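Undergrad:
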Amino acid sequence: MDLLPTEEQQQILDTASNYLGNEFPVQALLTTAQRPRLNHDQLKQLAGMGWIGIGLPDTLGGVGYGLSEEALLFAELGRYLMPPSLVGSVLAARTAAVRGHDDLAHAILDGTLRVAIATQQSSAPATISPTVTGNFLVFEAEGADYIMLTDDGGAALVALSDLQQVSQERCMDPTLDLTCWRGDNTTTTCFVTADQDAIFLRGTVLISAMLLGIAEATLQRSVDYAQAREQFGKPIGSFQSIKHYCAEMSIRCECVRAMLYYASITLQQQPSAGPLDTSSLKALAIDAAQENANTAVQIHGGMGYTQEMDIHLFVKRAQVLESLFGSERFHLRQVLSAAAPP
Amino acid sequence: MDLLPTEEQQQILDTASNYLGNEFPVQALLTTAQRPRLNHDQLKQLAGMGWIGIGLPDTLGGVGYGLSEEALLFAELGRYLMPPSLVGSVLAARTAAVRGHDDLAHAILDGTLRVAIATQQSSAPATISPTVTGNFLVFEAEGADYIMLTDDGGAALVALSDLQQVSQERCMDPTLDLTCWRGDNTTTTCFVTADQDAIFLRGTVLISAMLLGIAEATLQRSVDYAQAREQFGKPIGSFQSIKHYCAEMSIRCECVRAMLYYASITLQQQPSAGPLDTSSLKALAIDAAQENANTAVQIHGGMGYTQEMDIHLFVKRAQVLESLFGSERFHLRQVLSAAAPP
Amino acid sequence: MNLDFTEEQEQFRERVRDWLEENKPQESRPEDSAEGRAFDLAWQKTLYKGGWAGINWPQEYGGQGFDTFQQLIFLMEYAKSRAPGDHYRFNGLNLAGPTIIACGDEQQKQTYLPPILKGDVIWCQGFSEPGAGSDLASLKTRAVIDGDDMIVTGSKIWTSWARFADWQQLLVRTDPDAPKHKGISWVINRMDNPGMEIRPIHDMAGGTDLHEVFYDEVRIPVKNIVGGINNGWKVSMAQLSFERGTAFMPSQIETWNRMEDLLHLANQTRLEDGRLAIEDDHIAYQLAKMRAETRSLLAMTLMGISRNERTGMPGPEGSMLKLFQSELYKRISILSLQIVGAERSRLSGMASEWPKMFLGSFANTLGGGTSEVMRNIIGERHLGLPK
Amino acid sequence: MNLDFTEEQEQFRERVRDWLEENKPQESRPEDSAEGRAFDLAWQKTLYKGGWAGINWPQEYGGQGFDTFQQLIFLMEYAKSRAPGDHYRFNGLNLAGPTIIACGDEQQKQTYLPPILKGDVIWCQGFSEPGAGSDLASLKTRAVIDGDDMIVTGSKIWTSWARFADWQQLLVRTDPDAPKHKGISWVINRMDNPGMEIRPIHDMAGGTDLHEVFYDEVRIPVKNIVGGINNGWKVSMAQLSFERGTAFMPSQIETWNRMEDLLHLANQTRLEDGRLAIEDDHIAYQLAKMRAETRSLLAMTLMGISRNERTGMPGPEGSMLKLFQSELYKRISILSLQIVGAERSRLSGMASEWPKMFLGSFANTLGGGTSEVMRNIIGERHLGLPK
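Residue numbers (my numbering), protein chains in the order written: chain A, 1145 to 1486; chain B, 1145 to 1486; chain C, 224 to 610; chain D, 224 to 610.
(1) Using a C-beta to C-beta distance shorter than 8 Å, which residues of chain B count as neighbours of residue 578 of chain D?
(2) With DSSP collapsed to three states, give me the class of residue 403 of chain D.
(3) List the whole-angstrom C-beta distance separating residue 1367 of chain B from residue 1327 of chain B, where the pair is believed to meet the contact cut-off of C-beta under 8 Å.
(4) I'd like to check one pair, residue 326 of chain C with residue 450 of chain C: are the Cβ atoms closer than 7 Å?
(5) Using the Cα positions of residue 1397 of chain B and residue 605 of chain C, report the straight-line distance between them to the nearest angstrom.
(6) If you reduce the DSSP assignment to three classes, tell me which class residue 1322 of chain B lands in.
(7) Would you mind sorting residue 299 of chain C into buried or exposed? The rule is 16 or more other CB atoms within 10 Å of its CB.
(8) Have a look at D:513, D:436, D:288 and flag the residue whose alpha-carbon is nearest the alpha-carbon of residue 475 of chain D.
(9) Excluding five sequence neighbours on each side, which residues of the same chain lie with their C-beta closer than 6 Å to the C-beta of residue 395 of chain C?
(10) Indicate the three-state DSSP secondary structure (helix, strand or coil) for residue 1451 of chain B in the structure shown.
(11) Is the stretch 535 to 549 of chain D touching the stretch 379 to 390 of chain D, taking contact as three or more C-beta pairs under 8 Å?
(12) Is any beta-carbon of chain C found at less than 7 Å from that of residue 263 of chain D?
(13) Check whether the stretch 1442 to 1456 of chain A touches the stretch 1398 to 1410 of chain A, counting contact only when three or more Cβ pairs, one atom from each stretch, lie closer than 8 Å.
(14) Which residue spans inside the stretch 1268 to 1343 of chain B form an unbroken beta strand (DSSP E) run of at least 3?
(15) Output the residue ranges of the alpha helix (DSSP H) runs that lie fully inside the stretch 434 to 482 of chain D and measure 4 residues or longer, sorted by chain position.
(16) Taking only beta-carbon atoms, is residue 1376 of chain B less than 7 Å away from chain D?
(17) Measuring alpha carbon to alpha carbon, tell me which of D:569, D:357, D:478 ends up nearest residue 597 of chain D.
(18) Report the CB separation of residue 1484 of chain A from residue 483 of chain D in whole angstroms; it is logged as a contact under 8 Å.
(19) With H, G and I counted as helix, E and B as strand and the rest as coil, what does DSSP make of residue 572 of chain C?
(20) Please return the same chain residues whose Cβ sits closer than 6 Å to the Cβ of residue 502 of chain C, not counting the five positions on each side in sequence.
(21) The stretch 488 to 518 of chain C: which residues have C-beta closer than 7 Å to a C-beta of chain D, in chain order?
(22) Can at least three beta-carbon pairs, one atom from the stretch 1200 to 1218 of chain A and one from the stretch 1147 to 1161 of chain A, be found at a separation below 8 Å?
(23) Using a Cβ cut-off of 7 Å, pull out every chain B residue sitting near residue 591 of chain C, in sequence order please.
(24) Do we get a CB-CB distance below 7 Å when we pair residue 1445 of chain B with the residues of chain D?
(25) Tell me which same chain residues have a C-beta within less than 6 Å of the C-beta of residue 341 of chain C, skipping the five on either side of it?
(26) Terminal residues of the continuous beta strand (DSSP E) containing residue 365 of chain C?
(27) By Cβ distance, which residues of its chain are closer than 7 Å to residue 284 of chain D, with the 5 residues on each side in sequence left out?
(28) List, in chain order, every chain C residue whose beta-carbon is nearer than 8 Å to that of residue 1348 of chain B.
(29) Since I believe residue 243 of chain D is in contact with residue 301 of chain D (beta carbons under 8 Å), could you give me their beta-carbon distance rounded to a whole number of angstroms?
(30) For a contact meaning CB atoms closer than 7 Å, what does residue 1150 of chain B contact in chain C?
(31) When you compare the stretch 1270 to 1280 of chain A with the stretch 1245 to 1256 of chain A, are there three or more beta-carbon pairs, one atom per stretch, that lie closer than 8 Å?
(32) Shortest alpha-carbon distance to residue 480 of chain D belongs to which of D:517, D:453, D:446, D:493?
(33) Using only CA atoms, which one of A:1266, A:1356, A:1394, A:1207 lies nearest to residue 600 of chain D?
(34) What does residue 390 of chain D reach in chain B if we use C-beta pairs closer than 9 Å?
(35) On the CB-based measure, 16 or more other CB atoms within 10 Å of its CB, does residue 1442 of chain B come out buried or exposed?
(36) So, does the CB of residue 1382 of chain B fall closer than 7 Å to a CB anywhere in chain A?
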């Protein structure tokens, strides 16, 4: 039993963190209206580092690590506000590989093909099966070839050209492109049921990891600011109200990181505890990311409310990520109906 | 428009407060296991001051003030942890008078007859109509002659001797006697429907007033303690965590007091807004009393957890009062279904 | 203790209601700032002509001199009619104007007050600085007396609609050697004064109404000091006393309107599981709780007005209402996101007012004193806890 | 990153499980304090005979010297079996004993350690004073050296089960002139020492296990000082390092058990409206949220143990787990009152364990450092924020 990253895992994490810090500083989002966050070349570069296939078995063409390593990587991706479509790519490669579409899987794994990710309008849920019907709110359809559609019943990979664009929308998160698309009994390129592979749950873990990245990034920025910013002749971090906000933020981080590690293992090894742990994780991660980001605005004062600091981007991304792979409400229901683990 | 007590109302309030402070200091509950809080002679004394009939029209044998004056008085009674059965007496006198049972009303008004008050077991609600059937958890049946039974459909006054005692129970609040009684198609002495007189809503206002008394008493004690108690060479009230707790407590008090004044008027004058305002009041009052009392324990540190200070009595009474005249859940439902006022 | 209005007051209420019904703008306020300015001034002109400008201002300066109850009635009806908010008119009508009325000399009053009511000018504020936020009194922008002028150098931040304002109420340090509260002056400044540079700040909700303003040896006549040199802290504190209970009536009714709109939304919006949002008890109870709180916000506002009316002094209700309302407003907006579900991050389409409200709500718990500062004030000034 | 145990560890787990199944007391712990003491000592004797006493103590003093994973497995199985809690045994096993192991001299170790494991004695604590709570270092109880003895005068408060203890770990001020952290000594005291007076304190949950203890010229041998004179603050801080992650395993599992019991209750209890409590979404979501938090409490505990195992040092998890668990436990108890409804204030009958839990829960956010002190510690020591 060891619920901390191994040396090898720590190395994956450090490499990712260094690379992202150099190539994709969040700061860059303030000066250029950088969209997409990840152009085609950059996607290929990440893919070249094995990031799309990191958790895919080598027998399926992946790097051969597991969900834990994927989760560690995606927490870093979340911290640097990298696009959630990367979760789409990871799941799409897995879906194609599991289904034996080796060429397709390969083209996704090497970043040649781009995959968007979608959520559904709560008021009119779509059907996801070997065919798909209904409307989808799609993040980053721009330049994408495929789209990953999932719900707790299964996961479908669909060629974007097989769907119809309904409208261009405006996303709260200014770094993300949002459009509405429609399928009408549209045949999917491949479809995997939840029983065949836990694509939806794996996606839930990865989105939760990105939420953790937000929770930790906003804590770190808040602590730094509270140490540096002075009012009434003292750093504001010496005032209990600010100090206690930070303490609560750090507990939320600890809580989600521990749960992320735990669920990334149980989902692979103890299928019976998987849904309880995965849904617990997402519910806690949503809460941590949103509470921490919202609190960070308050700690940063007026500046936190502006677009001159990057805090607002985390606030907005935390909202986007809640809507992917099941709302808090959905996951709380799952937590409640799960059997007690042994 | 003037949402503050008039000079006359202020006098009622001051008189009550002085009298209670002298005759019924909360401190006394610490040294003697004083039960009942109010013996027969003391009840008569209060009755003699017109406290039972204060809000009853003089045409019905009362003092002739209204619900606002009753509410002001009951906030003081709550502050001094006077027994909730006084609400029973007030409503019983009204019920009897409305029904033309003048002798009975008179005997309640002058304190000759004692009235207990009851709540129902949520899991097995009783029927309250011209006859009553089912189990009741009765506060202060000891020495009582009648019991006041209410729900949102109506109010019944029943002779205790017509009911059967099922069991002696133990109340969380050590100053209150708790027993379980049963009616079995038992004929009531008088019954008033909600349409005939808003007994249930008036009771709700009075219990809310008592909850306000708790919220204010625990705020006052917390502020006093925070000024006096020193740690790290400073009064603990200078620490933001304690200061901000107190600030939030005081907002809850302001919020409930304003709503109490407002609802005590609209219930009498604008029947259409009555349920919205009364239920808003009770929901807010429960929250204020419980949050303030619980926070007061934390502010008082280890001493707050003991029976050597009186804080715990407020914590417990706040729980008892929630269970009388509709739970928070019940009242929130009412708030939601009420039409928007003009 | 009563909620009664006299017959005259009820007639007044009807007069207000009828006039607003007939005269309030039919179109909504333009999003573009320059058009917004024009809209605000036009509406102020209409109010002025109708005899409704400056309801709490003395008649000698063009105001209506209404008593508290008339003000209350006017504000209630105004907010209920959903007539346009103060927007750019806010500062002149509620802060700069009343300050000049209270502390200005006759010359200043004659010069600056009427244009505000007539809808000729927009005022803005220059108080906070990058290094002086919650600790306002530590402001550093200095003014050096040079004959009849002061020469002002420094910078201000959070100046709303600076680009579209004509005048500014400005706090400057006229005595750098005095204790920090003692060397400040309250000054009237023209926004087209040479040496100023105005930089818009984009806020997280997408607005560009906030600004940073830089002063590089800007000349302001000494006669533009209001309330005496080095007396600016007291003058600016006087502004607090304008925040009588009535000042909270509009935001109280705005909160109620939002709450009722949200209730309506919950009755129409379906969740993932096909139920209406209102059928989810968790949503329902939260809605009910906030509806109750919003109802009490009205009661608190009325109690505050009553207290002011009795004592003539602003009581603790100012800080309490500010804190309670801004936090409640934020919670309402967060609840709305639970209801709109996956629409939470879409700023286009039918439900987009709710995520927009959410983004905007962050301003409320920061601007005009953070919630933390409000809690300090309540703890120290109202409850008497030690600093 | 793994949750695997070796085959040997799994065999160990089975051995623990089987032994507990066979040997744990069938009756529950008596409510009466004297009977409770007898029960605790009897159970400790059974553990000792079974070879399970002092799982984290070195073998030379009668302990088992288990490694972290064996301790973890033992504690998990112990808590799952719902075997009796530490109760009066707590102080000796987890605080006084380990302190003597870490800082005592050989004579002290030989004298005081074995009786603890053998179930012969109960220890209690004398740290806090009426004027020294959160600010423990300001304690005033003084010890004046008089030959081979110290003469101790003062008072202590919050001493659990003082009336039923044999020994006490006591902090006294041996140098009144030194800075407050420097003049304190950690001392072993007999509870039947002349000059002591013990006053029970009734807590709000009805318990009488707390006490105030008065010392009037009580003589304690100087050789009873542990870790050197005037070094008591460091010695007492060393206790913090015993709070390795494993220390939180019992309360973590206790919280989980409570949570599952509450879920069970919600599936059986009807609300006023006739529905089962679990059918009310508001209750259901709160239950789910707390169940998720309780699940993460397990994960946090395991992560903390892993961190300790890697570094050999207690990390931030001690304060975090303490704060998180105690606040969660309180929230669970408050939610239970929503479920039992009108039964909330009844301490007799079927559902009474829940209001009792509610009353008892207040101790958790106060004892062993208030939640406010915990937040300070996390902010300052873990996050590096200024004092």
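For glycine and all other residues, C-beta sits at the position ideal for the given N, C-alpha and C.
Since we're looking at a predicted model, the values are computed, not measured.
TA: Taking the geometry as given:
(1) 1316, 1463
(2) coil
(3) Between residue 1327 of chain B and residue 1367 of chain B the Cβ distance is about 46 Å, and since that is not below 8 Å, they are no contact.
(4) yes
(5) 13 Å
(6) strand
(7) Result: buried.
(8) D:513
(9) 364, 366, 375, 408, 410
(10) coil
(11) no
(12) no
(13) no
(14) 1275 to 1283, 1290 to 1295, 1298 to 1303, 1308 to 1313, 1322 to 1331, 1334 to 1337
(15) 455 to 461
(16) yes
(17) Ranked by how close their Cα comes to the Cα of residue 597 of chain D, the residues D:569, D:357, D:478 have D:357 in first place.
(18) 6 Å
(19) coil
(20) none
(21) 503, 504, 505, 508
(22) yes
(23) Those within 7 Å of residue 591 of chain C in chain B number zero; the least Cβ separation is about 17 Å.
(24) So yes, residue 1445 of chain B belongs to the interface.
(25) 271.
(26) 365 to 369
(27) Result list for residue 284 of chain D: 324, 332, 336, 337, in chain order.
(28) Chain C residues near residue 1348 of chain B: none, gap ~13 Å exceeds 8 Å.
(29) The C-beta distance from residue 301 of chain D to residue 243 of chain D rounds to 6 Å, short enough to fall under 8 Å.
(30) 224
(31) no
(32) Distances from the CA of residue 480 of chain D to each of D:517, D:453, D:446, D:493 were compared; the closest alpha carbon is that of D:517.
(33) The shortest C-alpha to C-alpha distance from residue 600 of chain D to any of A:1266, A:1356, A:1394, A:1207 is the one to A:1394.
(34) None at all; the shortest Cβ gap to chain B is about 22 Å.
(35) buried
(36) Not closer than 7 Å to any Cβ of chain A, the Cβ of residue 1382 of chain B fails to qualify, so no.
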